[in-house]
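A quick write-up on the structure given underneath.
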Amino acid sequence: MKPELSVVIPVYNEEAGLAHLFARLYPALDQLATRGVSYEIIFVNDGSRDNTALILADQFRTRPDVTRVVLFNGNYGQHMAILAGFEATRGEIVVTLDADLQNPPEEIGALVDKMREGYDYVGSIRRKRQDSAWRTYASKVMNRLREKITRIKITDQGNMLRAYGRNVIDLINQCSEVNTFVPALAYTFARKPTEITVEHEERAAGESKYSLYSLIRLNFDLMTGFSIMPLQWFSMLGMMLSLLSGGLVGLLLIRRFVFGAEAEGLFTLFAIAFFLMGVILFGIGLLGEYVGRIYQQVRGRPRYVVQTILQDNALNQKEGN
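FYI, the numbering for the sequence shown is 1 to 321, going by the UniProt record's numbering.
Here is the structure:
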C-alpha cells in the first residue's frame with residue numbers, strides 16, 4: 001500500500017543537527033501511525049560537503065521501511081531539492097519540513113488534520129519567530145511587497161512547513177522551471193488553500209545556510225517568476241520621467257531666453273543627470289533579471305542531477321505488483 005503521508009526534507013550540511021531531527025521526527029510520525037496515518041520520509045541531500053550523506057545512509061539502514069534518501073551530485077538549492085523530493089513522493093499528502101528543527105516535527109499532525117478537512121494546500125504561520133530582528137523585519141517587508149506584485153497571498157513565505165495535496169504535487173511535477181519558489185507555485189495550482197499557526201523554535205544546531213545575498217536572490221526568483229509587474233512599474237516610471245524631463249527642458253529654455261545664461265544651476269543639472277542614470281541602470285538590471293532567467297530556461301539543462309536513491313527495493317516491487 002502506498003503511504004498516506006510523504007515528508008520531504010531538504011538537507012544541506014546539517015550533520016550537527018540530524019541526530020536531534022531523527023530523535024523527534026520518527027517518534028512524531030510513529031505517533032501519527034497509531035492514528036492510521038501511514039508515512040514515508042524522503043531526505044534530499046543537496047550536495048552537502050560534510051558527513052550529512054553518511055549520516056542519512058546510516059539512518060536509511062536503521063529505518064528502511066519508511067526512509068528514502070535522494071542524493072544529489074552537487075548543490076542545486078533548497079527549492080530544487082524540494083522538487084526532487086516531490087518527484088519521489090508516493091503519498092496523497094506531502095509535507096515539507098526543514099532539517100534545522102525550527103519547525104517542530106510534532107506540528108505535522110496539525111497539517112494532516114487540516115488537509116483531511118478537504119483543503120489541498122495548507123501553509124503555516126510562525127506563532128513567534130525565533131530569528132534575528134533584522135531578518136524578521138525584512139521578511140515582513142518582503143511579504144507585503146511580494147503580495148502586491150504577485151497577488152499571491154502567503155502570510156509567512158519563509159516558513160517551509162507546508163502540506164500539499166496530490167493534485168497540487170502532480171501539477172508541480174509537470175513544471176520545468178529553473179528558477180521558482182515552491183510555496184508560491186503550489187498556491188497558483190491549489191483549488192482550496194488555507195493557513196494555520198504553528199510553533200517556531202531556535203535551530204537545534206549549526207547556522208542558517210541562507211545569507212543575505214541568498215535571500216535577495218530568492219526574492220528576485222519569487223517576484224520575476226510569478227509577475228511581470230516590476231517591468232510594468234518601470235515602464236510607467238520611464239513615461240513619468242520622460243514627461244518631467246520634457247517639462248524641465250522647456251523651463252530651462254524659457255529661463256535661458258528670459259534671464260540669459262546661468263551657471264548657478266549647473267550642479268542641480270548634474271544631480272538630475274546622475275539620478276536619471278541611476279534609474280536607467282536599475283531598469284537595465286531589472287530587465288537583465290528577466291532575460292537571465294529566460295536564458296537559463298532555454299538552455300534546457302537538467303535542473304538537478306540525482307546521483308543515487310537509497311530505498312527499499314523490496315517495498316517498491318510490492319507496490320509495483
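Positions of the beta carbon are idealized from the N, C-alpha and C atoms, including for glycine.
N- and C-terminal bounds of the alpha helix (DSSP H) containing residue i
i: residue 167; result: 166-174
i: residue 193; result: No alpha helix (DSSP H) contains residue 193, which is instead part of the beta strand (DSSP E) from 193-198.
i: residue 182; result: 182-189
i: residue 27; result: 18-33
i: residue 78; result: 78-88
i: residue 54; result: 52-62
Cα-Cα separation between residue i and residue j, rounded to whole angstroms
i: residue 149; j: residue 226; result: 9 Å
i: residue 186; j: residue 280; result: 35 Å
i: residue 303; j: residue 250; result: 53 Å
i: residue 270; j: residue 256; result: 17 Å
i: residue 275; j: residue 241; result: 11 Å
i: residue 224; j: residue 230; result: 8 Å
i: residue 157; j: residue 49; result: 28 Å
i: residue 89; j: residue 273; result: 56 Å
i: residue 292; j: residue 178; result: 11 Å
i: residue 75; j: residue 278; result: 35 Å
i: residue 120; j: residue 239; result: 43 Å
i: residue 19; j: residue 99; result: 10 Å
i: residue 313; j: residue 30; result: 22 Å
i: residue 197; j: residue 245; result: 50 Å
i: residue 284; j: residue 248; result: 24 Å
i: residue 127; j: residue 104; result: 12 Å
i: residue 301; j: residue 80; result: 13 Å
i: residue 53; j: residue 25; result: 18 Å
i: residue 258; j: residue 288; result: 44 Å
i: residue 321; j: residue 166; result: Unreliable placement is indicated for residue 321, whose pLDDT of 41 sits below 50; the coordinate value is still reported in the next sentence. If you take the alpha carbons of residue 321 and residue 166, they lie about 21 Å apart.
i: residue 37; j: residue 232; result: 48 Å
i: residue 325; j: residue 35; result: Because the chain here runs from 1 to 321, residue 325 falls outside it and cannot be looked at.
i: residue 253; j: residue 243; result: 16 Å
i: residue 57; j: residue 17; result: 15 Å
i: residue 116; j: residue 60; result: 29 Å
i: residue 174; j: residue 217; result: 24 Å
i: residue 55; j: residue 286; result: 42 Å
Endpoints, beta strand (DSSP E) assigned at residue i
i: residue 95; result: 93-96
i: residue 41; result: 39-45
i: residue 324; result: With the chain represented from 1 up to 321, any question about residue 324 goes unanswered, as that position is not in the structure.
i: residue 302; result: Segment: none, residue 302 is in no beta strand (DSSP E) and carries neither H nor E.
i: residue 68; result: 67-72
i: residue 6; result: 5-11
Residue closest to residue i, alpha-carbon to alpha-carbon, out of the options
i: residue 235; options: 152, 282, 193; result: 282
i: residue 2; options: 25, 39, 24; result: 39
i: residue 114; options: 93, 288, 104; result: 93
i: residue 299; options: 246, 176, 253; result: 176
i: residue 221; options: 254, 174, 17, 297; result: 297
i: residue 228; options: 58, 309, 294; result: 294
i: residue 151; options: 188, 174, 170; result: 188
8 Å Cβ cutoff met for residue i and residue j
i: residue 7; j: residue 44; result: no
i: residue 307; j: residue 68; result: no
i: residue 12; j: residue 65; result: no
i: residue 163; j: residue 112; result: yes
i: residue 42; j: residue 182; result: no
i: residue 62; j: residue 160; result: no
i: residue 102; j: residue 200; result: yes
i: residue 195; j: residue 125; result: yes
i: residue 190; j: residue 168; result: yes
i: residue 123; j: residue 192; result: no
i: residue 73; j: residue 15; result: no
i: residue 172; j: residue 86; result: yes
Contacts around residue i, its chain only, beta-carbon distance under 6 Å, and the 5 residues preceding and following it disregarded
i: residue 109; result: 32
i: residue 106; result: 28
i: residue 91; result: 3, 4, 5, 6
i: residue 84; result: 44, 70, 304
i: residue 290; result: 224
i: residue 309; result: 70
Close Cβ partners of residue i (< 7 Å) along its chain, the five nearest in sequence each way excluded
i: residue 144; result: none
i: residue 180; result: 79, 221, 225
Cutoff 8 Å; reference residue i; Cβ partners in own chain excluding five residues on either side
i: residue 147; result: 153, 154
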